Every structure is written in structure tokens, then in C-alpha cells.
Amino acid sequence: MTTIAATRAPGAALLATERLSKSYAGADGELPVLAGIDLTIRQGEIVALLGRSGSGKSTLLRCLAGLIPPSTGTVTYHGTELTGPNPGTAMVFQTFALLPWLTVQQNVELGLEARGIPPRQRTAAALQAIDLIGLDGFESAYPKELSGGMRQRVGFARALVVEPDVLLMDEPFSALDVLTAENLRGELVELWDSGQFPTQAIVLVTHSIEEAVLLADRILVLDSRPGTIRTELAVTLPRPRLRDTKDFEALVDAVYAVMTGRERGTTTPTAVPRRTLANTPLPPAGVDGLSGLAEILAQHPEQIDLGDLADELGLEVKHLLPLVDALELLGFATADARGVVLTDTGVEFAAADVQTSKQLFAAASDHVPLVRTIVTSLHRTQDGTLRAGFFRDLLAHDYTDEQIATQLGVATDWGRYAELYSYDTLSEEYQLDPAQRVTAP
Ligand code: ADP
Ligand code: MG
Numbered sequence: 545m546t547t548i549a550a551t552r553a554p555g556a557a558l559l560a561t562e563r564l565s566k567s568y569a570g571a572d573g574e575l576p577v578l579a580g581i582d583l584t585i586r587q588g589e590i591v592a593l594l595g596r597s598g599s600g601k602s603t604l605l606r607c608l609a610g611l612i613p614p615s616t617g618t619v620t621y622h623g624t625e626l627t628g629p630n631p632g633t634a635m636v637f638q639t640f641a642l643l644p645w646l647t648v649q650q651n652v653e654l655g656l657e658a659r660g661i662p663p664r665q666r667t668a669a670a671l672q673a674i675d676l677i678g679l680d681g682f683e684s685a686y687p688k689e690l691s692g693g694m695r696q697r698v699g700f701a702r703a704l705v706v707e708p709d710v711l712l713m714d715e716p717f718s719a720l721d722v723l724t725a726e727n728l729r730g731e732l733v734e735l736w737d738s739g740q741f742p743t744q745a746i747v748l749v750t751h752s753i754e755e756a757v758l759l760a761d762r763i764l765v766l767d768s769r770p771g772t773i774r775t776e777l778a779v780t781l782p783r784p785r786l787r788d789t790k791d792f793e794a795l796v797d798a799v800y801a802v803m804t805g806r807e808r809g810t811t812t813p814t815a816v817p818r819r820t821l822a823n824t825p826l827p828p829a830g831v832d833g834l835s836g837l838a839e840i841l842a843q844h845p846e847q848i849d850l851g852d853l854a855d856e857l858g859l860e861v862k863h864l865l866p867l868v869d870a871l872e873l874l875g876f877a878t879a880d881a882r883g884v885v886l887t888d889t890g891v892e893f894a895a896a897d898v899q900t901s902k903q904l905f906a907a908a909s910d911h912v913p914l915v916r917t918i919v920t921s922l923h924r925t926q927d928g929t930l931r932a933g934f935f936r937d938l939l940a941h942d943y944t945d946e947q948i949a950t951q952l953g954v955a956t957d958w959g960r961y962a963e964l965y966s967y968d969t970l971s972e973e974y975q976l977d978p979a980q981r982v983t984a985p
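Note that this note's numbering has the sequence shown beginning at 545, numbered continuously upward.
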């Protein structure tokens with residue numbers, strides 16, 4: 545396997561996009577997913593694409609791999625425009641589709657077979673990749689005998705065995721348990737730094753700020769709907785990087801600030817776009833979780849840093865983000881680069897008894913598009929009931945099936961708690977709460 549020099553000054557451009565835009569055909573016309581993406585991946589760098597779920601990260605990665613064509617704009621590899629699969633890339637996915645009837649060795653060889661490499665060379669190259677990625681001794685094991693971490697190693701080996709110029713990774717650690725993920729990340733960095741890594745650049749898609757700061761030389765923060773590059777940040781911390789250092793934390797905070805769009809630290813109200821179903825996905829946060837967080841925040845009358853709060857609770861910041869987003873969406877909290885604090889209504893909500901808490905929640909939900917849509921739609925029916933399919937169709941314009949399931953799950957939880965409507969799982973029907981029927985909006 546070829547290795548590249550350990551000196552990694554930003555080198556020649558390998559992969560680039562120019563004014564790349566991508567739309568998907570939806571029921572309502574074109575749904576723009578990416579708009580005007582300009583990026584260049586250079587020899588010797590690890591670039592993280594960081595963005596929330598639905599910001600188009602996977603779509604961008606698929607365009608770079610040449611698996612889907614851009615709607616407008618170009619992807620070039622070594623200066624040549626792609627018209628099909630990119631010969632210089634290989635992909636690692638969140639979970640890897642390993643063929644259960646093939647051994648580790650055979651699974652790794654698959655990629656080479658597809659590229660027409662003769663059997664003997666395949667065997668040698670696969671053994672080398674297996675060795676590199678720490679799968680030594682597992683060559684003849686079958687996927688079902690492997691732990692999640694080992695299976696993901698096979699995924700890495702299968703991508704690395706073709707010695708791609710650019711390794712593309714789509715949330716490769718997010719299906720693994722925390723310790724396994726941390727271990728694999730560490731090994732990856734070690735290999736990269738030792739110069740043994742058989743690729744010249746890595747593009748890592750992630751929604752974890754810490755993961756991006758831990759691994760990348762450059763972080764591109766994507767905005768959602770449509771996905772654009774909001775900011776680019778260079779990470780110059782030496783590797784291996786330690787999470788609990790001032791510099792690391794400062795950088796995580798800075799990226800968080802960029803992601804929440806308040807990097808300038810101003811309080812000037814900027815024009816807030818009207819909330820719609822499409823631009824306001826519900827964060828995956830249950831009522832219990834967000835109420836619990838509100839109670840904890842009530843003990844911090846001053847703004848508290850999210851990192852400190854996560855430490856206090858023994859959680860990671862990424863686990864708090866959906867809850868914080870939910871509190872913000874409901875108007876119960878405000879968050880910025882310096883931290884999160886309850887609003888007056890939030891303080892009231894945290895201290896309220898169950899009935900008052902439900903009333904405050906119902907009033908706050910009026911600003912939540914999906915909950916509001918469900919309530920007003922139910923009001924417009926004769927009998928105050930509607931099938932879930934109706935809302936699925938509404939959401940299908942802007943969300944995938946998986947996202948729709950999450951969106952409706954959260955809206956059901958919130959609406960039930962607020963006593964706005966109930967949901968019957970068997971008949972898949974929403975029903976307006978009787979109390980709501982007399983007080984039509
Ligand atoms: P991310 O990886 O950042 O979560 P994706 O690239 O998977 O985002 O998706 C971005 C948006 O594009 C989502 O709103 C999703 O619904 C939409 N989308 C993705 N793939 C398709 C597709 N094949 N057809 C229609 N819409 C899609
Ligand atoms: Mg994705």
C-alpha cells in the first residue's frame with residue numbers, strides 16, 4: 545500500500561465543486577437541498593462537513609462520490625468534470641452493508657473485484673487493509689461474529705483497500721457506542737498522523753461539533769434548507785487533541801455559536817423568517833426531557849455554558865442540543881455562544897404545577913408550525929379527527945419518510961401533553977381534544 549509523506553502542508557487540489565446546487569423533485573415542485581456550494585479538497589487535509597440533520601450533508605457527499613449528479617454546477621476530480629462515479633473516492637457509511645455469507649476477507653475484497661483487480665492481488669491488498677485497520681485475526685470470521693466496532697472496521701477496510709485519493713465518510717461513528725466510537729476515532733487519527741493512511745484526504749460528514757473539532761483541519765458549517773456553506777473554520781490545534789483543554793473547548797463554543805447563527809454576539813433583532821413546516825423541523829425532544837432540562841436551568845438564573853451544563857449532567861453537548869432547541873422553539877429559553885438561559889415564561893413553566901405547565905405548553909405550541917397545523921386542520925373537520933396519513937402527505941414535500949416519522953412522533957407527544965389533541969395508534973387518527981372543540985381559534 546502506498547503511503548504519503550508525513551508532512552501535510554495543504555497540497556494540490558484533488559476534488560472541487562463549483563456553484564454546486566442540487567434539488568429533488570417533490571410533490572410541490574423542486575425541493576432545493578444544496579445551493580451554490582463551492583469547496584476544494586486538498587491533498588493532506590481532513591475536512592469536516594458539519595450541519596444539522598437534513599442540511600444536505602449526505603447529498604453533498606454523494607455528489608462528491610459521483611453517485612448522483614448535481615442539478616447545476618460541477619464536481620471536478622483532478623480538474624476533470626465528473627460524469628459518473630468518481631474513480632478517486634471510496635465511501636464509509638454509518639452502518640455498512642456487509643454480506644453475511646462472506647468472510648471479513650471476502651467482504652473486503654468485494655471493492656477490488658468491482659474494479660477488476662485479479663484474485664491474487666485482491667487477496668494481498670485485502671490482507672494489508674485488514675491488518676492496517678486492526679482486523680488481524682478476523683480474516684475468516686463472518687459478520688455475525690463481529691461486534692459493531694469490528695463491523696465498522698470492515699467498512700473502513702473495504703473503502704481503504706481500493707486506496708482512494710479521497711476517503712468520504714458519512715457519520716461513520718454515529719451508530720457505534722460512545723467508547724467504541726472514541727476508540728475508532730483515536731485509531732484513525734493515529735494512522736493519519738503516522739502517514740500510513742492510504743488516502744490523501746478525508747472528507748468527514750458529521751453532526752457532532754466535538755467530532756469535527758477532534759478530527760478536522762478545516763470545518764465547513766452547512767446551513768439548512770437549502771444547504772449552503774455558512775462558515776469555514778480552520779482547526780490548528782496539534783494532534784492528538786484533548787477534549788478537556790481550554791483551546792478545544794473554546795473552539796467547540798465558537799463552532800456552536802456559528803451553528804446557532806449568533807456568532808456576532810449581538811442582540812439586535814434581525815429579520816426572523818416566518819416559521820413554516822418546511823423551515824422549522826421539530827427537534828427530537830420529548831416533553832419529559834425538555835421539562836427536566838427547564839427545571840435544571842431554573843437553578844441557573846444566569847446564562848450557563850452548555851459544555852458546563854453537559855458536564856454537570858454527565859452528558860455530551862450533542863445530547864442537550866435537541867432539548868435546548870426545543871426550549872428555544874417554545875420560547876422557554878434563549879441560547880447563544882455564551883450559553884443558555886430560561887426566558888420569563890420558561891421560568892414560569894419550570895415552576896408550574898402540572899395543569900399550569902400544560903397550559904403554558906399549549907400556548908407556546910401555538911408558535912410551533914406542525915402542532916399548529918394539526919390543531920387548525922382538526923378544527924376544519926366535521927368530527928375533529930384526521931388520519932395521520934393526511935399529515936404525512938403534507939410533510940412529504942419537505943421531509944423523508946424517516947424524518948416524517950420523527951416529526952409526527954414529536955408533534956404527537958407535544959400535542960398530547962398540551963391536551964390539544966390525542967392520537968390513536970391503532971386507527972392512526974388524531975382527534976381534537978374536547979376542550980379545544982368549544983374554543984375554536
Ligand atoms: P443530511 O445528511 O444533512 O441529514 P440529506 O442530504 O440526507 O441531509 O438530506 C437533505 C434533504 O434532502 C432532506 O430534506 C431530505 O428530505 C432531502 N432528500 C435527500 N435525499 C432525497 C431524495 N433522494 N429524494 C428527495 N429528497 C431527498
Ligand atoms: Mg446524512
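Glycine included, every Cβ here is placed at the ideal spot set by N, Cα and C.
Quantities reported herein were computed from a predicted structural model and do not represent experimental measurements.
Spell out the partners DSSP gives Met635 in its beta bridges. Residue pairing of Met635 in beta bridges, as defined by DSSP: Leu712.
In chain order, what residues of the same chain have a beta carbon less than 6 angstroms from the beta carbon of Arg808, not counting five sequence neighbours either side? The predicted model places Arg808 with a pLDDT of 39, which falls under 50 and marks its position as unreliable, so this point remains unresolved.
Taking a contact to mean a Cβ-Cβ separation below 8 angstroms, would you say Thr804 touches Asp880 in this structure? Contact flag set, yes.
Euclidean distance between Cα positions of Leu939 and Asp869: Here the C-alpha atom of Leu939 lies approximately 20 angstroms from the C-alpha atom of Asp869.
Leu558 versus Ile948 - alpha carbon distance: Between the alpha carbons of Leu558 and Ile948 lies a gap of roughly 37 angstroms.
Test item: CB-CB of Leu594 and Ala756 under 8 angstroms: Between Leu594 and Ala756, the gap from beta carbon to beta carbon is short of 8 angstroms.
Buried or exposed (CB count within 10 angstroms, at least 16 for buried), Thr920: Exposed: under 16 other Cβ atoms inside 10 Å.
By a C-beta neighbour count over all protein chains shown, 10 Å radius and 16 as the cutoff for buried, is Pro845 buried or exposed? Around the beta carbon of Pro845, fewer than 16 other beta carbons lie within 10 angstroms, which makes this residue exposed.
Whose C-beta lies closer than 6 angstroms to the C-beta of Glu726 among residues of the same chain, with five residues either side of it excluded? Taken in chain order, the list of residues that qualify is empty.
Is the region 648-659 close to the region 699-710, with three or more CB pairs under 8 angstroms? Segments in contact, yes.
Can you tell me whether Tyr967 is helix, strand or coil according to DSSP? DSSP places Tyr967 in strand when its eight states are reduced to three.
Identify, in the order they occur along the chain, each residue of the same chain with its Cβ nearer than 7 angstroms to the Cβ of Arg931, setting aside the five sequence neighbours on each side. So the list reads Glu972, Glu973, once near-sequence residues are dropped.
Ser909 versus Thr824: straight-line alpha-carbon distance, rounded: The straight-line gap from Cα to Cα measures roughly 13 angstroms.
Identify the continuous alpha helix (DSSP H) that holds Lys992 and give its terminal residues. For the chain, the structure presents residues 545 to 985; residue 992 sits outside this window and is missing.
Give me the pocket residues for ligand 4, defined as CB within less than 5 angstroms of any heavy atom, sorted by chain position. By its list of ligands, the structure shown excludes ligand 4, since it contains just ligand 1 and ligand 2.
May I ask you to verify whether the region 712-722 touches the region 631-639, counting CB pairs closer than 8 angstroms and requiring at least 3? They touch, by the three-pair rule.
Please classify Thr584: does DSSP put it in a helix, a strand, or coil? Residue state, collapsed to three classes: strand.
Helix, strand or coil: which one does DSSP assign to Gly617? Three-state result, Gly617: strand.
Leu642 lies in the alpha helix (DSSP H); which residues open and close that run? Bounds of any alpha helix (DSSP H) do not take in Leu642, whose DSSP letter is neither H nor E.
Run the proximity test for Asp572: is its beta-carbon closer than 7 angstroms to any non-hydrogen atom belonging to ligand 2? Flag unset: Cβ of Asp572 not near ligand 2.
Leu834 versus Val747, Tyr943, Ala877, residue with shortest Cα-Cα distance: Looking at the Cα atoms, Ala877 is the closest of the given residues.
Do Asp737 and ligand 2 come close, with the Cβ less than 7 angstroms from some heavy atom? Within 7 angstroms of the C-beta of Asp737 there is not a single heavy atom belonging to ligand 2.
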